[in-house]
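Undergrad: The structure under discussion is supplied below as C-alpha coordinates; questions concerning it will follow.
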Amino acid sequence: MKSLVVDRSGALSFQELDMPEYNPCQALVKMRSCGVCNGTDTKIIHGTFKNFDSYPASLGHEGVGEVVAVGDKVTGLKIGDRVLLPFLEKENRGITPGWGAFSEYAVVGDPEAYVKNGMGPGTEAFSESYFAQTVLKDTDRVDDVGAAMIITFREVLSAIRRFGFEAGRNILIFGAGPVGLCFIRFCRLLGLKTIMAVDISDEKEAMAKKMGADLFWNSTREDVISLVRERFPQGLDYVVDAVGLNRLINQAMELIAYNGKICCYGISPKLSMELDWSRAPYNWSLQFVQWPSKKEEGEAHSQVMAWINCGALDPMDFISHVTPFEEIHTAFEKIERKDPDIRKMVVTFS
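For the sequence shown, the residue numbers in the working numbering are 413 to 762.
Right, here's the structure in full:
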(Lines of atoms letter the chains of each structure in order from A; the text may use other names.)
(Lines give C-alpha, C1' and ligand atoms only; values in the text may rest on other atoms or scores of the structure.)
Protein backbone atom coordinates (compact mmCIF):
# COMPACT_ATOMS: atom_id res chain seq x y z
CA MET A 413 0.00 0.00 0.00
CA LYS A 414 0.97 3.65 -0.37
CA SER A 415 1.61 5.89 2.65
CA LEU A 416 2.64 9.52 3.13
CA VAL A 417 5.99 9.63 4.93
CA VAL A 418 8.09 12.48 6.31
CA ASP A 419 11.84 12.17 6.91
CA ARG A 420 13.91 13.96 9.54
CA SER A 421 14.56 16.89 7.18
CA GLY A 422 10.81 17.49 6.79
CA ALA A 423 10.64 16.17 3.21
CA LEU A 424 7.37 14.44 2.26
CA SER A 425 7.16 11.44 -0.06
CA PHE A 426 4.92 8.50 -0.89
CA GLN A 427 6.37 5.19 0.27
CA GLU A 428 5.29 1.63 -0.43
CA LEU A 429 4.53 -0.18 2.84
CA ASP A 430 3.31 -3.67 3.61
CA MET A 431 -0.39 -4.08 4.23
CA PRO A 432 -0.97 -3.62 7.98
CA GLU A 433 -1.35 -6.74 10.08
CA TYR A 434 -4.46 -7.06 12.23
CA ASN A 435 -5.00 -9.44 15.14
CA PRO A 436 -8.13 -11.48 16.01
CA CYS A 437 -9.62 -8.52 17.93
CA GLN A 438 -8.99 -5.98 15.18
CA ALA A 439 -10.27 -5.09 11.73
CA LEU A 440 -8.58 -3.93 8.54
CA VAL A 441 -9.98 -0.76 7.03
CA LYS A 442 -9.60 0.90 3.66
CA MET A 443 -9.14 4.62 4.19
CA ARG A 444 -11.85 6.90 2.80
CA SER A 445 -10.76 10.30 4.11
CA CYS A 446 -8.39 11.98 6.54
CA GLY A 447 -8.16 15.55 7.80
CA VAL A 448 -4.91 17.49 7.87
CA CYS A 449 -4.06 18.54 11.42
CA ASN A 450 -2.26 21.88 11.65
CA GLY A 451 -1.12 20.85 15.11
CA THR A 452 0.07 17.24 14.96
CA ASP A 453 0.95 16.73 11.28
CA THR A 454 2.75 20.01 10.67
CA LYS A 455 4.68 19.84 13.94
CA ILE A 456 5.90 16.32 13.15
CA ILE A 457 7.03 17.65 9.75
CA HIS A 458 8.92 20.51 11.42
CA GLY A 459 10.36 18.29 14.14
CA THR A 460 8.64 20.26 16.92
CA PHE A 461 6.01 17.79 18.16
CA LYS A 462 6.60 17.15 21.86
CA ASN A 463 8.30 13.80 22.61
CA PHE A 464 8.20 12.63 18.97
CA ASP A 465 11.60 11.93 17.47
CA SER A 466 11.21 8.77 15.37
CA TYR A 467 11.81 9.32 11.67
CA PRO A 468 10.96 8.48 8.97
CA ALA A 469 7.30 8.56 10.04
CA SER A 470 3.93 8.03 8.39
CA LEU A 471 1.54 10.94 8.94
CA GLY A 472 -2.16 11.43 9.57
CA HIS A 473 -4.55 10.84 12.48
CA GLU A 474 -7.95 12.35 11.58
CA GLY A 475 -9.08 9.40 9.49
CA VAL A 476 -12.27 7.67 8.39
CA GLY A 477 -12.09 4.12 7.04
CA GLU A 478 -14.33 1.32 5.79
CA VAL A 479 -13.98 -2.11 7.34
CA VAL A 480 -12.90 -4.62 4.68
CA ALA A 481 -11.82 -7.58 6.87
CA VAL A 482 -12.30 -8.57 10.51
CA GLY A 483 -10.42 -10.77 12.98
CA ASP A 484 -12.11 -13.99 14.05
CA LYS A 485 -12.89 -12.72 17.57
CA VAL A 486 -14.43 -9.41 16.46
CA THR A 487 -18.06 -8.86 17.46
CA GLY A 488 -18.50 -5.07 17.40
CA LEU A 489 -17.43 -4.45 13.80
CA LYS A 490 -18.58 -5.79 10.46
CA ILE A 491 -17.48 -5.44 6.85
CA GLY A 492 -18.80 -2.19 5.38
CA ASP A 493 -18.82 -0.24 8.65
CA ARG A 494 -17.43 3.29 8.52
CA VAL A 495 -15.08 3.74 11.47
CA LEU A 496 -13.37 6.82 12.87
CA LEU A 497 -9.72 7.11 13.89
CA PRO A 498 -7.97 4.18 12.15
CA PHE A 499 -4.21 4.02 12.78
CA LEU A 500 -1.09 2.13 11.83
CA GLU A 501 0.06 0.56 15.07
CA LYS A 502 3.40 -1.01 14.14
CA GLU A 503 6.63 -0.03 12.44
CA ASN A 504 6.45 -0.98 8.78
CA ARG A 505 9.56 -1.28 6.60
CA GLY A 506 11.43 0.97 9.00
CA ILE A 507 8.68 3.62 9.01
CA THR A 508 7.37 4.66 12.44
CA PRO A 509 3.65 5.46 12.69
CA GLY A 510 3.05 9.15 13.25
CA TRP A 511 -0.40 7.57 13.52
CA GLY A 512 -0.25 6.87 9.78
CA ALA A 513 -3.81 7.50 8.60
CA PHE A 514 -2.49 9.06 5.36
CA SER A 515 -2.17 5.50 4.11
CA GLU A 516 -4.41 3.43 1.88
CA TYR A 517 -5.16 0.96 4.69
CA ALA A 518 -5.06 0.99 8.51
CA VAL A 519 -6.47 -0.93 11.48
CA VAL A 520 -9.02 -0.42 14.25
CA GLY A 521 -9.64 -2.38 17.45
CA ASP A 522 -12.87 -3.84 18.77
CA PRO A 523 -13.09 -3.04 22.52
CA GLU A 524 -15.81 -5.65 23.00
CA ALA A 525 -13.59 -8.39 21.60
CA TYR A 526 -10.61 -7.35 23.73
CA VAL A 527 -12.70 -7.39 26.92
CA LYS A 528 -14.37 -10.73 26.13
CA ASN A 529 -10.96 -12.30 25.55
CA GLY A 530 -9.34 -11.00 28.70
CA MET A 531 -7.33 -8.23 27.04
CA GLY A 532 -9.34 -5.19 28.08
CA PRO A 533 -8.25 -1.83 29.56
CA GLY A 534 -5.15 -2.10 31.71
CA THR A 535 -3.57 -4.90 29.71
CA GLU A 536 -0.60 -4.42 27.40
CA ALA A 537 -2.64 -5.48 24.38
CA PHE A 538 -5.31 -2.79 24.79
CA SER A 539 -5.00 0.75 23.45
CA GLU A 540 -7.17 3.56 24.80
CA SER A 541 -7.61 4.63 21.17
CA TYR A 542 -10.04 1.75 20.68
CA PHE A 543 -12.60 3.66 22.77
CA ALA A 544 -12.60 6.42 20.13
CA GLN A 545 -12.64 4.19 17.04
CA THR A 546 -16.37 4.67 16.74
CA VAL A 547 -18.61 3.18 14.06
CA LEU A 548 -20.81 5.71 12.27
CA LYS A 549 -24.46 4.78 12.02
CA ASP A 550 -26.28 4.48 8.70
CA THR A 551 -28.62 7.23 9.91
CA ASP A 552 -25.82 9.70 10.69
CA ARG A 553 -26.09 12.74 8.42
CA VAL A 554 -22.46 13.00 7.40
CA ASP A 555 -20.47 11.90 4.35
CA ASP A 556 -16.85 10.72 4.29
CA VAL A 557 -15.44 14.24 3.93
CA GLY A 558 -17.51 15.69 6.76
CA ALA A 559 -16.82 12.65 8.94
CA ALA A 560 -13.11 13.52 9.06
CA MET A 561 -14.08 16.72 10.90
CA ILE A 562 -15.70 14.70 13.69
CA ILE A 563 -12.23 13.86 15.03
CA THR A 564 -11.52 17.53 15.73
CA PHE A 565 -15.04 18.08 17.05
CA ARG A 566 -14.64 15.32 19.62
CA GLU A 567 -11.16 16.44 20.65
CA VAL A 568 -12.37 19.99 21.28
CA LEU A 569 -15.58 19.00 23.05
CA SER A 570 -13.71 16.60 25.34
CA ALA A 571 -11.24 19.41 26.11
CA ILE A 572 -14.11 21.80 26.90
CA ARG A 573 -15.49 19.26 29.34
CA ARG A 574 -12.05 18.83 30.91
CA PHE A 575 -11.66 22.62 31.21
CA GLY A 576 -15.04 22.74 32.93
CA PHE A 577 -16.73 25.51 30.92
CA GLU A 578 -20.05 26.57 32.40
CA ALA A 579 -23.08 28.14 30.73
CA GLY A 580 -23.58 31.85 31.32
CA ARG A 581 -19.83 32.59 31.54
CA ASN A 582 -17.79 34.95 29.36
CA ILE A 583 -14.93 33.70 27.20
CA LEU A 584 -12.27 34.94 24.79
CA ILE A 585 -10.68 32.59 22.26
CA PHE A 586 -7.34 33.33 20.64
CA GLY A 587 -7.36 31.86 17.14
CA ALA A 588 -10.12 31.45 14.57
CA GLY A 589 -8.68 28.54 12.64
CA PRO A 590 -10.45 25.14 12.57
CA VAL A 591 -9.88 24.51 16.29
CA GLY A 592 -10.77 28.05 17.35
CA LEU A 593 -13.96 27.89 15.29
CA CYS A 594 -14.88 24.64 17.04
CA PHE A 595 -14.43 26.30 20.43
CA ILE A 596 -16.60 29.22 19.31
CA ARG A 597 -19.38 27.01 17.97
CA PHE A 598 -19.45 24.69 20.96
CA CYS A 599 -19.39 27.57 23.44
CA ARG A 600 -22.43 28.98 21.69
CA LEU A 601 -24.22 25.62 21.70
CA LEU A 602 -23.36 25.08 25.37
CA GLY A 603 -24.82 28.42 26.43
CA LEU A 604 -21.80 30.54 27.28
CA LYS A 605 -22.77 34.19 27.49
CA THR A 606 -20.40 36.53 25.63
CA ILE A 607 -17.99 34.89 23.19
CA MET A 608 -15.06 36.90 21.86
CA ALA A 609 -12.61 35.78 19.15
CA VAL A 610 -9.17 37.17 18.34
CA ASP A 611 -7.09 36.49 15.25
CA ILE A 612 -4.49 38.24 13.09
CA SER A 613 -6.53 37.98 9.89
CA ASP A 614 -9.59 40.07 9.03
CA GLU A 615 -10.73 37.26 6.73
CA LYS A 616 -11.54 35.15 9.79
CA GLU A 617 -14.15 37.53 11.19
CA ALA A 618 -17.14 36.48 9.09
CA MET A 619 -16.73 32.79 9.86
CA ALA A 620 -16.07 33.43 13.56
CA LYS A 621 -19.32 35.38 13.82
CA LYS A 622 -21.20 32.74 11.83
CA MET A 623 -20.04 30.16 14.38
CA GLY A 624 -21.38 32.32 17.22
CA ALA A 625 -18.76 34.91 18.22
CA ASP A 626 -20.33 38.10 19.57
CA LEU A 627 -17.15 40.12 19.07
CA PHE A 628 -14.07 39.72 16.86
CA TRP A 629 -10.82 41.65 17.03
CA ASN A 630 -7.69 41.67 14.90
CA SER A 631 -4.83 41.76 17.40
CA THR A 632 -2.41 43.28 14.88
CA ARG A 633 -4.52 46.45 14.74
CA GLU A 634 -6.44 46.61 18.01
CA ASP A 635 -5.54 46.68 21.70
CA VAL A 636 -7.39 43.57 22.83
CA ILE A 637 -6.66 44.06 26.52
CA SER A 638 -8.13 47.59 26.53
CA LEU A 639 -11.16 46.51 24.50
CA VAL A 640 -11.92 43.65 26.88
CA ARG A 641 -11.41 45.74 30.02
CA GLU A 642 -13.75 48.46 28.69
CA ARG A 643 -16.54 45.91 28.42
CA PHE A 644 -15.60 43.63 31.31
CA PRO A 645 -13.84 45.68 34.03
CA GLN A 646 -13.76 42.66 36.32
CA GLY A 647 -12.22 40.43 33.65
CA LEU A 648 -13.27 37.23 31.90
CA ASP A 649 -14.09 33.79 33.23
CA TYR A 650 -12.10 31.95 30.55
CA VAL A 651 -9.41 32.74 28.00
CA VAL A 652 -8.47 30.01 25.50
CA ASP A 653 -5.26 29.63 23.53
CA ALA A 654 -6.36 27.71 20.42
CA VAL A 655 -3.18 28.62 18.55
CA GLY A 656 -0.17 27.44 20.53
CA LEU A 657 1.75 30.65 21.27
CA ASN A 658 3.33 30.92 24.71
CA ARG A 659 3.10 34.72 24.81
CA LEU A 660 -0.69 34.41 24.83
CA ILE A 661 -0.52 32.99 28.35
CA ASN A 662 1.03 36.17 29.75
CA GLN A 663 -1.36 38.27 27.70
CA ALA A 664 -4.32 36.29 29.02
CA MET A 665 -3.32 37.05 32.62
CA GLU A 666 -4.41 40.66 32.06
CA LEU A 667 -7.79 39.49 30.78
CA ILE A 668 -9.03 36.99 33.35
CA ALA A 669 -11.23 37.75 36.34
CA TYR A 670 -10.56 36.73 39.93
CA ASN A 671 -10.65 32.91 39.94
CA GLY A 672 -10.61 32.98 36.13
CA LYS A 673 -8.97 30.28 34.05
CA ILE A 674 -6.45 30.33 31.19
CA CYS A 675 -7.05 27.27 29.01
CA CYS A 676 -4.24 26.11 26.71
CA TYR A 677 -5.28 23.79 23.92
CA GLY A 678 -2.91 24.84 21.14
CA ILE A 679 0.44 23.03 21.19
CA SER A 680 3.38 25.40 21.23
CA PRO A 681 6.64 24.29 19.61
CA LYS A 682 8.42 26.04 22.50
CA LEU A 683 8.11 24.04 25.69
CA SER A 684 9.20 26.61 28.26
CA MET A 685 8.64 30.27 29.02
CA GLU A 686 8.80 32.88 31.78
CA LEU A 687 5.47 33.48 33.45
CA ASP A 688 4.73 37.00 34.67
CA TRP A 689 1.64 37.08 36.85
CA SER A 690 2.14 40.61 38.14
CA ARG A 691 -0.96 41.77 36.26
CA ALA A 692 -3.05 38.69 36.97
CA PRO A 693 -5.60 38.56 39.80
CA TYR A 694 -4.47 37.00 43.07
CA ASN A 695 -6.38 33.79 42.37
CA TRP A 696 -6.42 32.25 38.91
CA SER A 697 -5.63 28.94 37.22
CA LEU A 698 -3.74 27.76 34.17
CA GLN A 699 -4.74 24.45 32.59
CA PHE A 700 -3.21 22.59 29.66
CA VAL A 701 -5.20 20.04 27.64
CA GLN A 702 -2.85 19.20 24.79
CA TRP A 703 -3.38 15.46 24.59
CA PRO A 704 -7.11 14.76 24.76
CA SER A 705 -8.03 11.43 26.32
CA LYS A 706 -9.22 9.00 23.65
CA LYS A 707 -11.74 7.58 26.11
CA GLU A 708 -13.13 11.06 26.69
CA GLU A 709 -13.19 11.67 22.93
CA GLY A 710 -15.26 8.53 22.52
CA GLU A 711 -17.62 9.75 25.24
CA ALA A 712 -18.04 13.05 23.39
CA HIS A 713 -19.14 11.29 20.20
CA SER A 714 -22.86 11.03 20.98
CA GLN A 715 -23.20 14.77 21.69
CA VAL A 716 -21.30 15.71 18.53
CA MET A 717 -23.46 13.44 16.40
CA ALA A 718 -26.66 14.73 18.03
CA TRP A 719 -25.68 18.26 17.02
CA ILE A 720 -24.80 17.16 13.48
CA ASN A 721 -27.94 15.06 13.00
CA CYS A 722 -30.27 17.84 14.18
CA GLY A 723 -28.54 20.46 11.99
CA ALA A 724 -27.00 22.52 14.80
CA LEU A 725 -23.47 21.62 13.64
CA ASP A 726 -22.42 21.34 9.98
CA PRO A 727 -18.98 19.79 9.42
CA MET A 728 -18.74 21.40 5.99
CA ASP A 729 -18.73 24.88 7.56
CA PHE A 730 -15.28 24.05 8.91
CA ILE A 731 -13.82 22.51 5.74
CA SER A 732 -12.36 24.76 3.07
CA HIS A 733 -10.42 22.36 0.82
CA VAL A 734 -10.82 18.75 -0.29
CA THR A 735 -7.78 17.16 -1.95
CA PRO A 736 -7.23 13.70 -3.52
CA PHE A 737 -4.64 11.57 -1.71
CA GLU A 738 -2.43 11.62 -4.81
CA GLU A 739 -2.21 15.44 -4.54
CA ILE A 740 -1.73 15.64 -0.76
CA HIS A 741 1.48 17.64 -1.15
CA THR A 742 -0.57 20.61 -2.37
CA ALA A 743 -2.53 20.61 0.90
CA PHE A 744 0.63 20.95 2.97
CA GLU A 745 1.98 23.60 0.61
CA LYS A 746 -1.14 25.71 1.21
CA ILE A 747 -0.73 25.35 4.97
CA GLU A 748 2.93 26.36 4.80
CA ARG A 749 1.94 29.48 2.83
CA LYS A 750 -0.64 30.27 5.52
CA ASP A 751 -3.29 31.03 2.93
CA PRO A 752 -5.96 33.10 4.76
CA ASP A 753 -8.86 31.15 3.25
CA ILE A 754 -7.75 27.83 4.80
CA ARG A 755 -9.88 26.16 7.41
CA LYS A 756 -9.79 22.36 7.66
CA MET A 757 -8.29 20.50 4.69
CA VAL A 758 -9.50 16.95 4.04
CA VAL A 759 -7.79 14.33 1.90
CA THR A 760 -9.91 11.72 0.12
CA PHE A 761 -8.93 8.25 -1.07
CA SER A 762 -10.14 6.72 -4.34
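For every residue, glycine included, the Cβ atom is placed at its ideal position computed from N, Cα and C.
Given 8 Å as the limit, is there contact between the stretch 692-707 and the stretch 610-621, that is, 3 or more CB pairs closer than that?
TA: They do not touch, by the three-pair rule.
Undergrad: Quick check on LYS673: does DSSP put it in helix, strand or coil?
TA: LYS673: strand per DSSP, three-state reduction.
Undergrad: Are the beta-carbon atoms belonging to CYS675 and PHE575 less than 8 Å from one another?
TA: Contact flag set, yes.
Undergrad: Give the range of the alpha helix (DSSP H) segment to which PHE595 is assigned.
TA: Residues 590-601.
Undergrad: Should TYR670 be labelled buried (16 or more other beta-carbon atoms within 10 Å of its own) or exposed?
TA: That one is exposed.
Undergrad: Out of PRO693, ALA743, TRP703, GLN663, which one is the CA nearest neighbour of MET685?
TA: MET685 has its Cα closest to that of GLN663, out of PRO693, ALA743, TRP703, GLN663.
Undergrad: Give every residue of the same chain whose Cβ lies closer than 7 Å to the Cβ of VAL480, excluding the five residues on either side of it in the sequence, and list them in chain order.
TA: Closer than 7 Å at Cβ, skipping near neighbours: LEU440, VAL441, LYS442, ILE491.
Undergrad: In terms of alpha-carbon separation, which member of TRP629, ARG566, ILE456 lies closest to LEU424?
TA: Taking only the C-alpha atoms, the option nearest LEU424 is ILE456.
Undergrad: What are the start and end residues of the alpha helix (DSSP H) that includes CYS722?
TA: Counting along the chain, the alpha helix (DSSP H) containing CYS722 begins and ends at 706-722.
Undergrad: Please confirm whether VAL636 and VAL610 have their CB atoms less than 8 Å apart.
TA: In contact: VAL636 and VAL610 (Cβ atoms closer than 8 Å).
Undergrad: Which residue comes first and which comes last in the beta strand (DSSP E) that contains GLY475?
TA: Element bounds for GLY475: 474-482.
Undergrad: Helix, strand or coil for VAL701? Go by DSSP, reduced to three states.
TA: VAL701: coil per DSSP, three-state reduction.
Undergrad: Let me know the secondary structure DSSP gives ALA743 once reduced to three states.
TA: DSSP places ALA743 in helix when its eight states are reduced to three.
Undergrad: Run the CB neighbour count on HIS458, radius 10 Å, all protein chains shown included, and call it buried at 16 or more, exposed below.
TA: Burial call: exposed.
Undergrad: Between the beta-carbon of ILE596 and the beta-carbon of ALA625, is there less than 8 Å?
TA: Going by C-beta atoms, ILE596 is nearer than 8 Å to ALA625.
Undergrad: Just to check my reading of the structure: ALA654 and ILE740 have Cβ atoms closer than 8 Å, yes? What is that Cβ distance to the nearest angstrom?
TA: With a Cβ gap of about 25 Å, ALA654 and ILE740 do not count as contacting.
Undergrad: In angstroms, rounded to a whole number, what distance separates the CA positions of GLY477 and PRO432?
TA: Roughly 14 Å separates the two Cα atoms.
Undergrad: According to DSSP, is ASP453 helix, strand or coil?
TA: Helix, per DSSP.
Undergrad: Within its chain, find whatever has a CB closer than 8 Å to the CB of SER531; leave out the 5 residues flanking it on each side and keep chain order.
TA: The residue you asked about is not Ser; residue 531 is Met in the sequence shown. Around MET531: CYS437, ALA537, PHE538.
Undergrad: What distance in whole Å lies between the Cβ atoms of TYR677 and VAL591, which are believed to be in contact at a cut-off of 8 Å?
TA: Rounded, the Cβ-Cβ distance is 7 Å, consistent with contact.
Undergrad: Just to confirm the assignment, what range does the alpha helix (DSSP H) spanning THR735 have?
TA: Note, THR735: premise wrong, no alpha helix (DSSP H); beta strand (DSSP E) at 731-736.
Undergrad: Where does THR760 sit, in a helix, a strand or coil, going by DSSP?
TA: Residue state, collapsed to three classes: strand.
Undergrad: Scan the stretch 600-630 and note each continuous beta strand (DSSP E) run of 3 residues or more that stays entirely inside, going in chain order.
TA: Whole beta strand (DSSP E) segments, 3+ residues: 607-611, 627-630.
Undergrad: Could you check whether GLY510 and ALA518 sit closer than 8 Å to each other, using their CB atoms as the reference points?
TA: Taking 8 Å as the Cβ cut-off, ALA518 and GLY510 do not qualify as a contacting pair.
Undergrad: Report yes or no: is there a C-beta of chain C within less than 8 Å of the C-beta of LYS490?
TA: This model lacks chain C altogether; it includes just one protein chain.
Undergrad: Return the CA-CA distance between ASN435 and LYS528, expressed in angstroms with no decimal places.
TA: Cα to Cα, ASN435 sits roughly 15 Å from LYS528.
Undergrad: Cα-Cα, which of ARG505, THR564, THR487 is closest to MET413?
TA: Nearest option by C-alpha distance: ARG505.
Undergrad: Distance, Cα to Cα, PRO498 vs GLN545?
TA: Roughly 7 Å between the two C-alpha positions.
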